[in-house]
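Going by the numbering used here, the first residue of the sequence shown is number 1437, and it counts up by one from there.
Note that beta-carbon positions come from the ideal geometry of N, C-alpha and C, so glycine has one too.
In this text the structure is predicted, and so the values were computed from the model without any measurement.
Below is one structure, written out as structure tokens; the observations come after it.
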Amino acid sequence: MKRLLVIILLLSLSLIISSPSLSVAEIIWRQGAISVEDELSKAEARIRIGELKVIPGLTLSGVWDDNIYLANGYTNNPNNPGTTINGKLSKPIRSDYIFNVNPGLLVEYGMGERGSLRVGYDGNWAFYKENTAQNWNNQKAVLDFNYKAPSGLIAGLTNIYNNGNDPYGDATQFGLGFTQKRWNNDLNAKLGWDFFNRFKAIGYYNFYKQKYHDERNATQNWTDNVLGLEGAMRVLPKTWAFLRAHFGTQDYNDQNINSALDASNKRYRIAGGLAWDGGGKLGGELNFGWQWLDYDNEFDTKGFRYENRNTWSANTSIDYRVTSTTGLALNITRAIRSTGAARREFYDDTVVGINVTQDLPYKFSAKGGVAYGKNDYNSLNYERTENREDNNYNAYLGAAYRIRSWLDVSLNYQYMKKDSNDVTQSFTDNQVSLAIGATY
């Protein structure tokens, strides 16, 4: 027993000594979007070599989008300040038809109850009928490793690399409506020990980095490092109570800004809650806590004093299997988001979402969901009358029919709306899509 405790102590210390920050939450505008990655994770593999499974997939979809630039009446008016570039509207109100091609590949090696190793690829090419300059593509590569030894060792590594230029922005919603080339890498690792299936001690490390291709967007280039420690105790056969502490740093990487003035910062978070093993009616975790944001510098590039912030946090994601054919999911996130290297602006980002999946007779199925997000800024709106406040809404509904065990067709609708007291930011967008997808 003493030897095991020494091992855990050394693992924890090795994580604490590294440098740290906080990972990125899901972007509200991507919820409900068609993804071949989701289909691959649920598909039955037809290509098997021992414990190795290979699942290729392809989804083709046609989309009608009534607001491809996520614009509004203000940005569509050439007489308003800042709405034109070289005499042309930068964000006009335009509708268009879009053809999406989504190839994917999942390779999985199973290790039974001990875990698995998964490697995947998810691509997305979007081709516009009229506004071809808006064409975009995203490429995602995923590595996911989870292992639990009979002795109690717990190890995991997940790395997600994205490279693309879709118009739905990054974690801080920068550049919504514009296709801007960028890449990001999100790595999460864990190492710990399970003591007699009653107690767990786990160390976490997260590395996140994003970089924009255009130097004019270099204020959005940053690197996160985060370290965490968790202590957990089993309180029910499939339920754990846990307490976690995180320490992180966010370092901006704009070479044109003096590092003594940029918005680099440190983050702290303490959270607790319940987590479920899965395999039963409940899965995921209930996670609430408190977070702190402390800037490294006193003043920004314009001489304004940085404002430290602390508030409650959430990272809750709970799945509930109501019946054998009905599933519910609840997601609640809350984070403080600094918006760029050059200024003191940040906002509290709170998102609540509910999703439903339903298997229906005769090979039909349905899914739907709603999400509400609120962004409270510490900066004034465009008209400088009050602090900016955004209310974000996302709703989607879809129905699918399984033609064959490997082939299905679906009809989907998505509604997105940003209601802001900043006249330059509000928009409403409706999308209708018809898709056909195959996995093998």
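Residues 1498, 1563 of the same chain have their beta carbon placed closer than 7 Å to that of residue 1535, with the five preceding and five following residues left out of the count. Annotation: residue 1728 to residue 1721 spans about 22 Å, alpha carbon to alpha carbon.
Contact annotation: residue 1867 and residue 1501 have beta-carbon atoms nearer than 7 Å. DSSP places residue 1822 in the coil class of the three-state scheme, outside both helix and strand. Going by DSSP, residue 1704 is part of the beta strand (DSSP E) stretching over 1701 to 1713. Counting along the chain, no beta strand (DSSP E) covers residue 1547, and no H or E run does either. In the structure shown, residue 1861 falls within a coil segment according to DSSP collapsed to helix, strand and coil. Taking all protein chains shown into account, residue 1744 has fewer than 16 neighbouring C-beta atoms within 10 Å of its C-beta and is therefore exposed. Here residue 1809 really is in contact with residue 1828; their C-beta atoms are around 4 Å apart, less than 8 Å. Nearest Cα to residue 1700 within the set 1775, 1871, 1818: 1775.
In the DSSP assignment, residue 1649 falls outside any beta strand (DSSP E), carrying neither H nor E. Contact check for residue 1572 against residue 1615 passes: the beta carbons are separated by less than 7 Å. Under the Cβ criterion (8 Å, minimum of three pairs), the stretch 1845 to 1860 counts as touching the stretch 1819 to 1837.
Across the structure, residue 1806 and residue 1789 are spaced so that their CA atoms are roughly 6 Å apart.
Inclusion of residue 1763 and residue 1757 in the CB contact set at 7 Å is warranted, their separation being smaller than that value. Under the three-state reduction of DSSP output, residue 1466 falls in the helix class. About 6 Å separates the beta carbon of residue 1516 from that of residue 1510, a gap short enough to meet the 8 Å contact definition. A direct Cα-to-Cα measurement between residue 1514 and residue 1861 gives close to 16 Å. Judged by DSSP in its simplified three-state form, residue 1495 adopts strand. Here residue 1658 really is in contact with residue 1686; their C-beta atoms are around 6 Å apart, less than 8 Å. The DSSP assignment places 1745 to 1757, 1762 to 1774 as complete runs of the beta strand (DSSP E) inside the stretch 1723 to 1777, in order along the chain (cut-off: 3 residues). Residue 1544 holds the alpha-carbon nearest to the alpha-carbon of residue 1489 among 1496, 1544, 1845.
In the DSSP secondary-structure assignment, residue 1680 is bridged to 1666, 1707. The three-state secondary structure of residue 1867, taken from DSSP, is strand. Where residue 1579 is concerned, the enclosing beta strand (DSSP E) starts and stops at 1572 to 1584. Cβ contact annotation for residue 1840 (same chain, cutoff 6 Å, sequence separation greater than five): none. Proximity of the stretch 1634 to 1643 to the stretch 1655 to 1670 meets the contact definition, three or more beta-carbon pairs being nearer than 8 Å. For residue 1603, the closest C-alpha among the options 1621, 1597, 1625, 1574 is that of 1574. Under the three-state reduction of DSSP, residue 1794 is assigned to strand. Your pair residue 1494 and residue 1522 does not check out as a contact, with CB atoms roughly 39 Å apart and the cut at 8 Å. In the three-state scheme derived from DSSP, where H, G and I count as helix and E and B as strand, residue 1479 is classed as coil.
By the beta-carbon neighbour count (other beta carbons within 10 angstroms, threshold 16), residue 1706 is exposed.
With 16 or more other Cβ atoms from the protein chains shown falling within 10 Å of its own Cβ, residue 1570 counts as buried. Straight-line measurement puts the Cα of residue 1550 at about 32 Å from the Cα of residue 1843. When only Cα atoms are considered, residue 1529 and residue 1814 end up about 29 Å apart. Following the DSSP letters along the chain, one finds residue 1816 inside the beta strand (DSSP E) bounded by residues 1800 to 1816.
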